[in-house]
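All remarks here apply to the structure that follows.
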Amino acid sequence: MNDSHQLLTTILFLSVVGLTVGITFWASRQNSGSDDFYAGGRSFSALQNGLAIGGDYMSAASFLGISGAIALSGYDGFLYSIGFLVAWLVALLLVAEMLRNSGRYTMADQLAFRMRQTPVRMAAATSTVVVSIFYLLAQMVGAGTLVALLLGVDSHAIKNLTILGVGLLMIFYVTVGGMKGTTWVQIVKAVLLMAGSALIVVLVLAHFNFNISDLLGTAASNTGKGQAFLEPGLKYGLTTTSKLDFVSLAIALVLGTAALPHILIRFYTVPTSRDARKSVLWAIGLIGVFYLFTLVLGFGAAAMLKGDEAADVATSKGNLASPLLAQEVGGGAGSTGGAVLLAVIAAVAFATILAVVAGLTLTSSASVAHDIYNNVVKKGEATEQQEIRVTRIAAFTIGLIAILLAIPAQNLNIAFLVALAFAVAASANLPAIVYNMFWRRFNTRGAVWSIYGGLASSLLLVLFSPVMSGKGVVDGVNQSLLPASIDISWFPLENPGIVSIPLGFLFGFLGTISARETTAEEEYTELEVRALTGAGAEQAVIH
7 MNDSHQLLTT ILFLSVVGLT VGITFWASRQ NSGSDDFYAG GRSFSALQNG LAIGGDYMSA
67 ASFLGISGAI ALSGYDGFLY SIGFLVAWLV ALLLVAEMLR NSGRYTMADQ LAFRMRQTPV
127 RMAAATSTVV VSIFYLLAQM VGAGTLVALL LGVDSHAIKN LTILGVGLLM IFYVTVGGMK
187 GTTWVQIVKA VLLMAGSALI VVLVLAHFNF NISDLLGTAA SNTGKGQAFL EPGLKYGLTT
247 TSKLDFVSLA IALVLGTAAL PHILIRFYTV PTSRDARKSV LWAIGLIGVF YLFTLVLGFG
307 AAAMLKGDEA ADVATSKGNL ASPLLAQEVG GGAGSTGGAV LLAVIAAVAF ATILAVVAGL
367 TLTSSASVAH DIYNNVVKKG EATEQQEIRV TRIAAFTIGL IAILLAIPAQ NLNIAFLVAL
427 AFAVAASANL PAIVYNMFWR RFNTRGAVWS IYGGLASSLL LVLFSPVMSG KGVVDGVNQS
487 LLPASIDISW FPLENPGIVS IPLGFLFGFL GTISARETTA EEEYTELEVR ALTGAGAEQA
547 VIH
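First residue of the sequence shown? That's 7 in my numbering, and the numbers climb one at a time after it.
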């Protein structure tokens, strides 16, 4: 990339960062208390919240990881898109409206309504932080990959500095802007991402005269995999283990969305449960169109990228497919048009990363402050100022942890990293949420056992899976997180969902039937009325 192209890229990047920083400063002047800081004053419309949900959900994993998975694995890569989209039906039908009616700021509010505060809030906050950190890893890995591409280097030092920079920015967004700032950053990012993706999709289709069949045929031919590239089984159909891995992935994707803490907290930013439901419908439409875009982006990359560019896509585990495709449709490497489109798409992807990490960090730090500090340590007596101060301290700490963990995770596909976060969320959070809303007898022990049991089982299975060790070295790159000399991978699947999600439900069932808690049963009727009708939803949910 020549100096003029480098200058253009730098200007676009700084413009995106400057825009988000400006929004954050503006929002900071609108915050007047914890309701503003955590829930944006519940002042966002259904459309605005739908855009923000889309901005939260369409992460670097979607834009970079899924298109890369399609470019490398064809049909099997597109299964990520299908799973991420179908998952919203679960969120819409099971969670959105009822959670908005029965909670206040965090997932734990809904659970603690009829259960003992301390154990339930501790468990829910622990799960929230762990899931958020998993998700943060993917975004930071994507940021390092992007900046290294734009600078034309493959330096770990540059990637590490980028991860550090993103970490500091996300801490800034949360500590200064709160939920209002984060939401507006996500809305702007959603618009930019849809516009940028649409531009590349149109250019790709125009290259093939808007003939989808030609696009798919060229992709199959260019990859050297022929018809197999367009059929199921290239990645997940070779062995019984890979087939089970696919089932596990599908279960995690479909059930995980309804349990992601940074998605759940978005249902509290609208004034009514009706708006929560409508915002999910807006989000489904937006996200559905975007995932159709990923189909064109992925197959377009497979069809149009050759030689060194195709090798770069493979080396990056697919993460560079969309940026390199943007460069190609703009005129190719070295052309001004290619440099412009590469810079635009990379800037949009960077905005995507910034918006998502802000939402994740706010969610996890708010849970620490609201659930643990205020309701457990201070027994609900903390002032708003104290709680917000602890949120800011927690944001700094969580950001630091995410930075340190993201550095060794740079060799993994970011869509895959997010799929792990979905599995952990579905294992730890979903059983407790579903049981609490639909099972009268569900009690404190059941909630604690389901959260900790699902969390521990999913983390242990990941620890002993090929993700952590045992894949060996391919083309000089270690395919697992631990050093190649270590192999503790006795669990054969890369995604633990098929085992850990049923275990989460089982632990919740066993915990519930092994203890009797009359208070939880007596207050179930009130929770049910509030969840279904919204009556009393605006009152505080702490006793």
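All residues carry an ideal CB built from backbone N, CA and C; glycine is no exception.
Cβ separation of residue i and residue j, assumed to be a contact under 8 Å, to the nearest whole Å
i, j, result
"Leu292", "Gly89", "In fact, because the Cβ distance is near 17 Å, the residues do not count as touching under 8 Å."
"Thr161", "Phe299", "According to the sequence displayed, residue 161 carries Ser and not Thr. With 8 Å as the limit, Ser161 and Phe299 do not qualify as a contact, their Cβ atoms being about 31 Å apart."
"Gly187", "Thr30", "4 Å"
"Leu467", "Ser506", "6 Å"
"Phe517", "Ser433", "Per the sequence shown, residue 517 should be read as Gly rather than Phe. With 8 Å as the limit, Gly517 and Ser433 do not qualify as a contact, their Cβ atoms being about 15 Å apart."
"Gly514", "Tyr441", "5 Å"
"Met64", "Ala196", "7 Å"
"Ala264", "Leu100", "6 Å"
"Leu423", "Ala144", "4 Å"
"Met104", "Thr134", "With 8 Å as the limit, Met104 and Thr134 do not qualify as a contact, their Cβ atoms being about 19 Å apart."
Residue i versus residue j - alpha carbon distance
i, j, result
"Gly510", "Thr132", "15 Å"
"Arg127", "Ala234", "49 Å"
"Ser285", "Leu91", "15 Å"
"Arg283", "Pro329", "34 Å"
"Glu534", "Asn435", "19 Å"
"Ala546", "Leu152", "For Ala546, the pLDDT reaches just 42, beneath the cut-off of 50, and the residue's location in the model is therefore unreliable, leaving the point undetermined."
"Ala256", "Ala425", "9 Å"
"Thr15", "Thr189", "26 Å"
"Phe140", "Tyr530", "33 Å"
"Gln54", "Ile193", "7 Å"
"Phe402", "Gly173", "9 Å"
"Val295", "Ala77", "19 Å"
"Glu544", "Phe273", "Because the pLDDT at Glu544 is just 49, under 50, the model does not fix this residue reliably, and the point stays unresolved."
"Ile548", "Ile519", "Caution is warranted here: a pLDDT of 40 is assigned to Ile548, below 50, making its placement in the model unreliable, and the coordinate value is therefore given only provisionally. Taking the straight line joining both Cα atoms gives about 25 Å."
"Ser491", "Asp314", "30 Å"
"Glu334", "Leu211", "13 Å"
"Gly344", "Ser456", "51 Å"
"Ala52", "Leu287", "9 Å"
"Glu532", "Gly56", "29 Å"
"Gln12", "Ala118", "53 Å"
"Ser248", "Gly460", "23 Å"
"Leu209", "Val147", "28 Å"
"Ala462", "Ser322", "30 Å"
"Ala154", "Ser371", "29 Å"
"Phe356", "Asn325", "13 Å"
"Thr245", "Leu199", "37 Å"
"Asn501", "Gly184", "33 Å"
"Leu347", "Tyr379", "46 Å"
Member of the options whose CA lies at the smallest distance from the CA of residue i
i, options, result
"Val23", "Ala361, Met121, Ala345, Ser65", "Ala361"
"Lys312", "Gly230, Leu236, Lys241, Ala375", "Gly230"
"Leu98", "Ser34, Gly262, Leu199", "Gly262"
"Ala447", "Arg120, Ala154, Leu100, Tyr63", "First, the residue type needs correcting, since residue 447 is Arg and not Ala in the sequence shown. Among Arg120, Ala154, Leu100, Tyr63, the Cα nearest to that of Arg447 is on Arg120."
"Tyr297", "Ser87, Gly503, Glu387", "Ser87"
"Ala453", "Leu465, Ser463, Phe444, Pro437", "Pro437"
"Leu70", "Leu222, Gly223, Ala353", "Ala353"
"Gln116", "Ser138, Pro267, Ser219, Gly183", "Pro267"
"Phe470", "Ile457, Glu334, Leu488, Leu244", "Leu488"
"Ser464", "Gly304, Arg280, Gly324, Ala258", "Ala258"
"Val207", "Asp493, Val363, Val302, Glu500", "Val302"
"Leu221", "Leu236, Leu244, Ser73, Ala309", "Ala309"
"Phe19", "Lys384, Val382, Ile359", "Ile359"
"Leu270", "Ser373, Trp32, Ile177", "Ser373"
"Phe497", "Thr525, Leu368, Ser254", "Ser254"
"Phe50", "Ser21, Tyr179, Ser279", "Ser279"
Extent of the continuous alpha helix (DSSP H) run through residue i
i, result
"His376", "Careful: His376 lies outside any alpha helix (DSSP H) and carries neither H nor E."
"Tyr458", "450 to 469"
"Glu528", "524 to 528"
"Asp251", "246 to 262"
"Arg283", "279 to 310"
"Glu334", "327 to 335"
"Trp190", "184 to 213"
"Pro267", "267 to 270"
"Arg398", "390 to 412"
"Tyr63", "52 to 63"
"Glu315", "313 to 321"
"Ser219", "218 to 229"
"Asn501", "Premise fails: Asn501 is in no alpha helix (DSSP H) and is neither H nor E."
"Tyr179", "Segment: none, Tyr179 is in no alpha helix (DSSP H) and carries neither H nor E."
Report task. Could you name each continuous alpha helix (DSSP H) segment of 4 residues or more that falls completely within the region 112 to 152, going from the start of the chain to the end? Result -> Counting only runs of 4 or more, we get 113 to 118.
* **Within the region 67 to 103, ranges of the alpha helix (DSSP H) (whole runs, at least 4 residues)** => Counting whole runs of 4 or more residues, the region 67 to 103 contains the alpha helix (DSSP H) stretches 73 to 79, 81 to 96.
message: Extract the residue ranges of the alpha helix (DSSP H) inside the region 332 to 373, only unbroken runs of 4 or more that lie entirely within it.
response: Qualifying alpha helix (DSSP H) stretches, in chain order: 342 to 373.
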